[in-house]
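2 protein chains.
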Amino acid sequence: MSRPTLEKVAARAGVSRATVSRVVNGSTTVAEHIRVAVQRAVEELGYVPNQAARSLVTQRADSIALVFSEPPVRVFSDDPTFAGIIRGVSIEADAADKQVVLMLAGSSRGHERVERYTTSGHVDGVIVASMHGADPLPAALARWGIPVVCSGRPLTGSSLPYVDIDNVGGAESAVRHLLESGRRRIATIAGPPDMVAGIDRLTGYRTMLRDSGRRSIIAIGDFTRDSGFEGMNQLLEDDPALDAVFAASDMMALGALQALRKAGRRVPDDVAVIGYDDIPSASYADPPLTTIRQPTLRMGRELARLLLNPGESVILPTELVVRESA
Amino acid sequence: MSRPTLEKVAARAGVSRATVSRVVNGSTTVAEHIRVAVQRAVEELGYVPNQAARSLVTQRADSIALVFSEPPVRVFSDDPTFAGIIRGVSIEADAADKQVVLMLAGSSRGHERVERYTTSGHVDGVIVASMHGADPLPAALARWGIPVVCSGRPLTGSSLPYVDIDNVGGAESAVRHLLESGRRRIATIAGPPDMVAGIDRLTGYRTMLRDSGRRSIIAIGDFTRDSGFEGMNQLLEDDPALDAVFAASDMMALGALQALRKAGRRVPDDVAVIGYDDIPSASYADPPLTTIRQPTLRMGRELARLLLNPGESVILPTELVVRESA
DNA sequence: TCCCTACGTGAGAGCGCTCTCAGCAAGCAT
DNA sequence: ATGCTTGCTGAGAGCGCTCTCACGTAGGGA
């Protein structure tokens with residue numbers, strides 16, 4: 126039952142350990158007939174290299190850490206982004222024959238754990254997925270000399286490589302759509318000002334409106350449905366004549382829809398609503414929600430790719446999905 | 126920058142490698158003053174054991190694999206169960222100082238990869254989270270002698286330990302609620318017959334109805350919203366006089382709600398609707414959905430716990446959440 | 001013919017750790 | 001005193017692998 130070692134394979138193939146090692150690792154300097162013999166022995170014995178032994182000498186771990194640096198409640202409940210990231214990272218890691226070690230680092234104790242683990246040679250690099258751009262963890266890890274890639278532009282001023290989605294551009298295209306369909310008083314329910322997505326989407330809204338010479342009408346939410354509901358109510362109070370609203374998340378848009386219905390406004394007739402994220406429920410909303418879709422899977426893939434072979438930060442484009450609410 | 130080794134710590138503390146090892150691993154046979162000295166040296170140098178070296182000799186990996194044995198599309202999109210499982214497993218693994226290695230094994234190539242990886246000493250055990258109870262992977266892994274725990278009762282007849290949620294009981298309590306509120310013609314939109322959750326929830330529905338002497342009215346769905354919509358339409362056709370429906374998933378219940386609205390039936394006045402899962406959208410449905418809540422986080426925790434210290438399979442209770450739809 | 005390169009292979013060290021076993025000191029009984 | 005246990009520490013082997021380096025052996029030029 127116990128796994129065969131290099132030694133066993135070598136004995137079977139009638140060669141030395143070193144040669145088997147060369148074959149297993151794809152060295153080109155092995156004579157063809159020997160390579161074949163070794164491969165047969167590997168096959169027959171069902172040999173699989175012992176990763177621990179390999180890591181010990183190579184000082185590589187052949188695995189990467191995917192760290193969710195948030196109170197875990199948030200991480201998986203609402204945000205569909207994370208699912209895409211996980212899948213994307215996994216796909217790319219598989220392709221590169223790396224393992225993905227998942228770490229949830231919600232608490233400060235968690236931060237410390239992650240720091241200890243990742244900086245002591247267990248992984249070749251770390252992907253930090255944190256919603257709050259000001260998270261100190263990425264920079265802390267980088268300081269230890271371990272490769273780090275952030276999901277979402279870091280707000281810490283650090284120059285760490287990151288993969289982000291074009292939040293500004295996405296917001297702009299949402300507002301542009303509203304403008305082009307003849308809306309004149311366009312409000313927004315913005316995300317929290319301590320998250321990149323919140324900040325950038327608001328920026329996109331602002332610049333687009335400014336360019337068109339219109340006034341901005343802003344309520345601040347926290348991406349949750351309830352905050353969307355309240356934000357909409359406030360907006361309605363601030364400017365009863367508004368004819369469109371851009372919510373910085375679909376959840377908030379859903380809340381806004383509800384508030385609008387309650388206030389007796391028809392969507393999209395009286396007020397156009399546009400969301401952000403394209404969560405599954407968006408297409409089932411009443412009316413189906415026009416929104417901005419994000420390439421979350423691709424984000425995961427780019428994250429892994431960027432970690433595995435370093436390069437420039439990546440900003441992924443979004444896509445306007447027109448349904449009925451706007 | 127390079128991490129200190131045991132040797133360095135030993136030198137600093139003026140003892141041997143063996144002693145440092147003993148201290149680090151919490152052996153009791155070390156004199157107090159020496160233990161203190163060693164701990165100080167560890168602290169000062171920021172020593173962290175090299176896991177690879179340790180694994181090499183102990184033959185343990187101190188990590189567990191969490192395998193999602195499904196086409197990945199499914200895994201993360203609809204099903205909120207997985208998020209809870211991931212979190213639960215992580216929490217419990219952290220507590221036991223184990224790492225969680227995430228593997229997506231959708232394809233058959235993926236299965237093979239997982240099999241090779243997990244059976245060659247890289248992990249101490251595997252948690253297989255597959256929706257289809259007849260998945261051959263768990264048994265295949267167990268055959269290699271590696272500890273395996275399944276999320277969801279396996280349908281393969283294997284006697285592997287598993288953690289499941291009391292689907293039968295949950296369905297029963299849903300139907301009981303319907304019965305107790307005076308409904309007489311209770312239909313169900315069942316889940317797919319190749320998944321444990323689908324089978325067991327239907328069983329619960331059936332036994333409860335049989336016990337009350339009522340007739341069952343069944344449509345088969347696949348847990349998706351669209352199938353709920355269609356299932357409801359079919360049900361309405363089969364028995365226009367039905368006054369309640371138990372959908373085996375909230376997504377299907379949402380679809381049913383839509384179909385009912387389209388057919389001009391009021392919920393809950395004409396037809397009571399009850400779902401299963403308690404997904405976030407359930408509480409925002411119109412009307413808010415009465416449903417069965419599952420302890421997904423706890424499921425994850427129990428999975429990890431069962432893997433770490435083997436014992437009897439666990440079946441977790443559900444909870445009826447009464448809202449307005451029934 | 002002899003040397004020199006080129007190429008392929010094997011010997012062996014050593015990655016950082018654990019764990020067995022021997023060694024030594026101290027305490028007790030003989 | 002001597003022998004024996006008890007309690008703690010250090011020496012050293014070795015986990016399975018990679019990688020350097022030395023060692024053939026064959027081929028080409030002088």
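Protein sequence lines, in the order shown, are assigned to chains A and B. 451 is the number that the working numbering gives the last residue of the first sequence; the numbers go up by one with no jumps. 451 is the number that the working numbering gives the last residue of the second sequence; the numbers go up by one with no jumps. We treat Cβ as the ideally placed atom computed from N, Cα and C, and that holds for glycine. For clarity, every value in this text was computed on a predicted model and none was experimentally measured.
DSSP places VAL214/A inside the alpha helix (DSSP H), whose first and last residues are 206-220.
Remark: C-beta atoms of ALA218/B and ALA177/A do not approach each other more closely than 9 Å. Here VAL161/B is exposed: its Cβ has fewer than 16 other Cβ atoms, across all protein chains shown, within 10 Å. Per the coordinates, the alpha-carbon of ILE311/A lies some 30 Å from the alpha-carbon of PRO412/B. In the three-state reduction of the DSSP assignment, TYR172/B falls in the coil class. When C-beta distances to chain A are compared with 7 Å, the residues of the region 154-175 of chain B below that value are VAL173 and ASN175, in chain order. Counting other Cβ atoms within 10 Å of its Cβ, GLN184/B stays below 16 and is therefore classed as exposed. Taking C-beta separations shorter than 6 Å and ignoring five residues to either side along the sequence, the partners of ARG418/B in its chain run ASP403, GLU444 and VAL446, following chain order. By alpha-carbon distance to LEU422/B, the top candidate from SER374/B, SER341/B and ALA208/B is ALA208/B.
Taking 8 Å as the Cβ-Cβ cut-off, the region 218-241 of chain A approaches chain B at ASP219, GLN224, VAL225, VAL226, LEU227, MET228, LEU229, GLY235, ARG238 and ARG241, given in chain order. In this model, LEU367/B and SER406/A are separated by some 28 Å (Cα to Cα).
Close CB contacts of LEU170/B within its chain, under the 7 Å cut and outside five residues either way in sequence, are with PRO129, LYS133, VAL134 and ARG137 (chain order). Within chain A, the residues placing a beta-carbon under 8 Å from that of ALA178/B are ALA177 and LEU181, ordered along the chain. At a cut-off of 9 Å, the C-beta of GLN383/A has a neighbouring C-beta in chain B.
For TYR330/B, none of the residues of chain A pass the 8 Å Cβ criterion, the least Cβ distance being about 25 Å.
At a cut-off of 9 Å between beta-carbon atoms, ASP411/A makes contact with chain B.
For a Cβ distance threshold of 8 Å, residue set ARG128, ASN175, GLN176 and ALA177 of chain A lies close to GLY246/B, ordered along the chain. Per DSSP, reduced to three states, the secondary structure at VAL140/B is coil, with no helix or strand assignment. Counting along the chain, the unbroken beta strand (DSSP E) around PHE193/A starts and ends at 188-193. In this structure the region 320-328 of chain A does not touch the region 376-383 of chain A; the number of beta carbon pairs closer than 8 Å is below three. Here DSSP, grouped into helix, strand and coil, assigns PHE354/A to helix. Closest option to ARG426/B, judged by alpha-carbon separation, among ASP351/B, GLU157/B, THR153/B and VAL225/B: VAL225/B. Of the candidates PHE371/B, ILE345/B and ALA220/B, PHE371/B places its Cα closest to the Cα of TYR401/B.
Residues ALA315 of the same chain have their beta carbon placed closer than 6 Å to that of LEU327/A, with the five preceding and five following residues left out of the count.
Taken in chain order, the unbroken stretches of alpha helix (DSSP H) that lie wholly in the region 225-284 of chain B and span 4 residues or more are 233-243 and 262-268. When the Cα atoms are used, ILE210/B and LEU285/A turn out to be separated by approximately 31 Å. Looking at VAL248/A, ARG350/A, THR313/A and ASP351/A, the one whose alpha-carbon comes closest to that of LEU334/A is THR313/A. ARG430/A and ALA221/A have their C-alpha atoms some 9 Å from each other. In summary, the residues of the region 400-425 of chain B whose CB is separated from some CB of chain A by less than 8 Å are PRO405, SER406, TYR409 and ASP411, in the order they occur in the chain. Counting the other Cβ atoms within 10 Å of the Cβ of VAL182/B gives fewer than 16, which makes it exposed.
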